[in-house]
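Visitor: Per this note's numbering, residue 4 is the first one in the sequence shown, and the count goes up by one each step. We put the beta carbon where it would ideally sit given N, CA and C, even for glycine.
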Amino acid sequence: LAPPAPLTAVTKLKFLSQLHQATGVFFSGGDQVRIMDVLKDESLLQALRIRYVWGMVFGGTSAGTAIMSHRMITGEGDFRVIDSNKVETRVGMGLLPPRIIIDQHFIKRQRENRLFALILQGPEDFGLGVDEGTALLVKDNRIGEVVGASQVMLVVSPARKDSLIIQLARQGDRIDLLKRKVIKKMGVKTASRNPK
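#1: Grab the span of the beta strand (DSSP E) containing Gln174 for me, first residue to last.
#2: Check for me: the alpha helix (DSSP H) holding Thr68 runs from which residue to which?
#3: Starting from Val28 and walking both ways along the beta strand (DSSP E), at which residues does that stretch end?
#4: What are the uninterrupted segments assigned as alpha helix (DSSP H) that are 4 or more residues long and contained completely in the segment 76–128, given in chain order?
#5: For Ala69, count neighbouring Cβ atoms within 10 angstroms of its own Cβ and tell me buried if that reaches 16, exposed if not.
#6: Compute the Euclidean distance between the alpha carbons of Met59 and Gln174, then round it to the nearest angstrom.
#7: Determine the contact status of Val28 and Leu51, defining contact as a CB-CB distance below 8 Å.
#8: Using a Cβ-Cβ cut-off of 7 Å (strictly less than) and excluding sequence neighbours within five positions of Val185, which residues of its own chain qualify?
#9: Between which two residues does the alpha helix (DSSP H) harbouring Lys184 extend?
#10: Rounded to a whole number of angstroms, what is the C-alpha to C-alpha distance between Arg163 and Glu79?
#11: Report yes or no: do the segment 37–50 and the segment 110–129 share at least 3 C-beta pairs separated by less than 8 Å?
#12: DSSP has Arg74 in a bridge; who is on the other side?
#13: Would you mind sorting Asp106 into buried or exposed? The rule is 16 or more other CB atoms within 10 Å of its CB.
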């Protein structure tokens with residue numbers, strides 16, 4: 004099930020009919036901006052959000068992961084520096100709790116600079132960097148469990164200026180999205196770094 008592109012009156016009605024019968028929604032990879040261009044149609048976006056609130060399973064890979072947060076990294080910008088002015092963002096689907104910014108292919112493609120820059124710019128935000136071959140299974144919009152071969156990086160900014168706290172979550176670890184902390188599997192202590 005995927006939003007039709009280009010969106011016409013006929014394809015929109017067909018998609019909404021399919022959505023009504025679906026048990027889950029999965030967004031594939033590609034271009035997150037293109038996906039959100041289709042979802043600019045408010046009735047379509049609202050229909051998807053309602054299904055999410057009702058408990059329908061939503062998933063996504065690559066660009067389909069990027070759209071899940073309220074603020075979405077587009078992939079455009081200059082990522083050679085840590086500078087939020089060089090990172091383009093726009094509105095995403097907003098399925099995850101507010102203030103989360105998510106990034107994908109995170110460790111494999113070395114995308115730390117763009118997420119670090121955004122979190123340093125707005126310390127009320129926090130970042131989730133999901134690596135390739137890995138997923139974050141979010142339940143009740145609060146707890147995310149890491150599934151897969153690699154890791155999810157939780158990035159938060161404390162009160163101190165130009166400072167980040169980084170926590171790595173692996174298979175079986177959970178992330179409390181409200182408390183912004185990693186809960187290690189089997190009581191193992193959280194691995195974290197606080198770069199100067």
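Guide: The relevant details are as follows:
#1: First-last for Gln174: undefined, no H or E at that position.
#2: 66–69
#3: 27–30
#4: Note on the segment 76–128: whole alpha helix (DSSP H) runs with a minimum of 4 residues are 115–124, in chain order.
#5: buried
#6: Rounded to whole angstroms, Met59 to Gln174 spans 24 Å at the Cα level.
#7: yes
#8: Leu157, Gln170, Ala172, Asp176, Ile178, Thr193
#9: Where Lys184 is concerned, there is no enclosing alpha helix (DSSP H), although the beta strand (DSSP E) it sits in stretches over 184–186.
#10: 28 Å
#11: no
#12: Paired residues: Val94, Ile104.
#13: buried
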